[in-house]
Every structure is written in C-alpha cells, then in structure tokens.
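*Asks:* In the working numbering, the protein residues as written are 350 to 701.
Glycine included, every Cβ here is placed at the ideal spot set by N, Cα and C.
Got a structure for you, written out below as structure tokens; questions coming shortly.
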C-alpha cells in the first residue's frame, strides 16, 4: 500500500488487495454503512468491473437491533449497492440481547448470519473491512488480557468459520486511507456513535492510540508486531505438529483407547513448555465438551501435571492414577507413566 496514510487507494492498489479472490465463485461483502465497509464495497465493485470473469458479489448488512439508526443505515447501504449494481440483503439479529458481554455476543451473531448468507448464495468467502487500525486495537486488547502467542497474533488475513472463509483484504490499510478514498469518490457513510462510547473497551483503547503513537506505538508498528507474532506462532505450531508425531512414534504400538489421546509422560515432560501447552490444548479442545479451554487454566493444569509426572517417576511401579482432573469437559489423568485425555463424564444436574 501507499506510504501516505491519507492518500486515496488507486485502482492498481485495489487490484492487489483483491487479487487472491479472483477465482472464488461468489463473495459476500459485510457492509454496515461505516466508512471502512462502504469503502470495501466501493473498491470491490470497481475491482469486479475490471475483470473479464469476476466473482459474484452480494452485499449483506447485519442489523443487530441495538440502535434506531441501524435500519436507516441498512437502507442507505442498499441504495448505494444498487447504484453499484450489487444485490443487497439485510439480516436481523433477533431475540433477547445479553446484559453483559454484548459486543462479543453481537460479533458471534454477526458472523453466524454472514456465514448463513454466504451459504445461501454459494459464496466461498465473507469479506470484512477490518483495517490496520482495527488490528492495532485488537493486539492491545489481547495484550491487556494477557493472551498467549496465538492471541497476540491478532486477526489473520484469512480464517475459517462455520465452513466459510473469512477474508480481511484491508487488514494492512489504514482507516484514513479508506476515508480519503470515499471523499475523492464523493461517497457518504454513516457514523456509528458506539465506536466512541467509553462504555466499551475498544473505544477506550482507540482514544489512547494518539498517545501511544507519540511514543512510537502507532497502528503501523502495532500491526507489524502482530504480523511478527503470527509468524512466530505459525512456527511453534509446526513444532507442535512434529512433537505430536514424535510422541506417536515413541508409543510403538501402545495405541490409546478409542476417543482418547495418550502420551508417554517422560517424553512429554522433555518437550519445550510452549509445545507441551499446545498439545494439551489441542487434546482438551478436541475431546472436551464444554467449549475451548482457557489458556490460564491449561497453564495451571500443566504445572500440576509436571509435579505429578515427577512424583510418578519416583514411584515407577505404581499403576494407580497419580493425577485425575477435569477441564473444559475433558478428563486428564496420569497413570502407569502415561498421560490420558478423554471426554469427561457428563455432569449430573442438581436435583436430577
């Protein structure tokens, strides 16, 4: 992209942004009416017109039912989409809204509805308008929560959700450049006041960014850090894959029970901490039935497991379980020099 954060995006730059999506049969554009997503729609429509054979584009607006203005904004997106020759759908998040954790619940609902819309039109990808500014904010949010390496990698350019690929072609583009692009094209956009509401974490962090930028922590450097952390995270994942194969080879025919994962404890203990942590996370998330395990709880489990492995090595003859613990719907046990991970029995309901 251009080094000038306030310059409009050229046709050539836009073509590079969408180049990897040319062979897709159809694409869904997630457009709320704000400057980022309106710019995504305008740039994608211009890119589509430049191709001899282009993916079909469908514009989808999700109305969360949280603001009165949302309906008007959806109609304005529909009007602009029609001007660009693109079909448009408005999907509504119906039902009761939670009193706590509203942003996360709204995000889950939005992605679920977008995935449903993509399947309905035969689209392989949903395109969202996350920018470099969003990436910097995401990194800060996860840093303050004490996220691990995977979380600090922030958002990936491509990810999968509900069988649909989520693409973020603007992830390296500053918001100011999108606004400049719309102003040159004389295209209006909505202003969502919740983006400045200090009741939410992201707007509070957004207000701090100018202070961080003065110290060198601008969105460009923060996004670059997220990219470097993502690269390191990918390398550790490769190491974890290799460690998993190594542990299987060490088993030499000691196959785990069906629906269970099993590791030789001494070989597991010799691996680097981050690799062991990931192997535990993978097994617990694959076999547990209470959702993804929290990183902090798995770290605590690994500490307890280390102590149990040391104790078991001192009492080699014992086949009795040295450790038995549940986490995220998985049962983790240590017996006979082996770590076993299996689905935990369903919890009994009180009064049942």
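(1) List, from N- to C-terminal side, the alpha helix (DSSP H) runs of 4 residues or more that fit wholly inside the stretch 432-478.
(2) Using three-state DSSP, classify residue 521 as helix, strand or coil.
(3) So is residue 546 buried or exposed if we call it buried at 16+ other beta carbons inside 10 Å?
(4) Under three-state DSSP, which class holds residue 480?
(5) Suppose you measure from the CA of residue 510 to the CA of residue 637; what does that come to, to the nearest Å?
(6) For residue 593, report the span of its alpha helix (DSSP H) as first-last.
(7) Just mark residue 429 as buried or exposed, buried being the case when its beta carbon has 16 or more other beta carbons within 10 Å.
(8) Can the beta-carbon of residue 519 be found less than 9 Å from the beta-carbon of residue 385?
(9) Report the residue from 435, 415, 425 and 434 whose alpha carbon sits nearest the alpha carbon of residue 442.
(10) For residue 639, is the classification buried or exposed, using 16 other Cβ atoms within 10 angstroms of its Cβ as the cut-off for buried?
(11) Check residue 706 in the structure and name its three-state DSSP category.
(12) Please report the distance separating the alpha-carbon of residue 405 from that of residue 388.
(13) Going straight from the alpha carbon of residue 399 to that of residue 532, what length do you get?
(14) For residue 366, which residues from the same chain have a beta carbon less than 6 Å from its beta carbon, with the 5 sequence-adjacent residues on both sides left out?
(15) May I ask you to report which of helix, strand or coil DSSP gives residue 348?
(16) Please return the same chain residues whose Cβ sits closer than 6 Å to the Cβ of residue 455, not counting the five positions on each side in sequence.
(17) Which residues in the same chain have their Cβ closer than 6 Å to the Cβ of residue 553, if we skip the five residues on either side of it in sequence?
(18) Could you spell out the range, first to last residue, of the alpha helix (DSSP H) harbouring residue 360?
(19) By a C-beta neighbour count over all protein chains shown, 10 Å radius and 16 as the cutoff for buried, is residue 649 buried or exposed?
(20) Got a sec? Which residues, its chain only, sit under 8 Å from residue 624 by beta carbon, not counting five neighbours each side?
(21) Could you tell me which residues DSSP pairs with residue 513 in its beta bridges?
(22) Does the separation of the CB atoms of residue 343 and residue 375 fall below 9 Å?
(23) Quick one: does residue 362 have its CB under 9 Å from some CB of chain D?
(24) So residue 516 packs on residue 474, CB below 8 Å; how close in whole Å?
(25) So is residue 523 buried or exposed if we call it buried at 16+ other beta carbons inside 10 Å?
(26) Please confirm whether residue 642 and residue 683 have their CB atoms less than 9 Å apart.
*Replies:* Let me spell this out:
(1) 451-470
(2) coil
(3) exposed
(4) coil
(5) 20 Å
(6) 568-600
(7) buried
(8) yes
(9) 415
(10) exposed
(11) Not covered by the structure: residue 706. The range shown for the chain is 350 to 701.
(12) 18 Å
(13) 21 Å
(14) 518
(15) Outside the modelled stretch of the chain, which goes from 350 to 701, sits residue 348, for which no answer is possible.
(16) 413
(17) 547
(18) 360-367
(19) exposed
(20) 585, 588, 589 and 592
(21) 510
(22) Any answer about residue 343 is impossible in this case: the structure gives the chain only from 350 up to 701.
(23) Absent here is chain D; the protein component of the structure consists of one chain.
(24) 5 Å
(25) buried
(26) no
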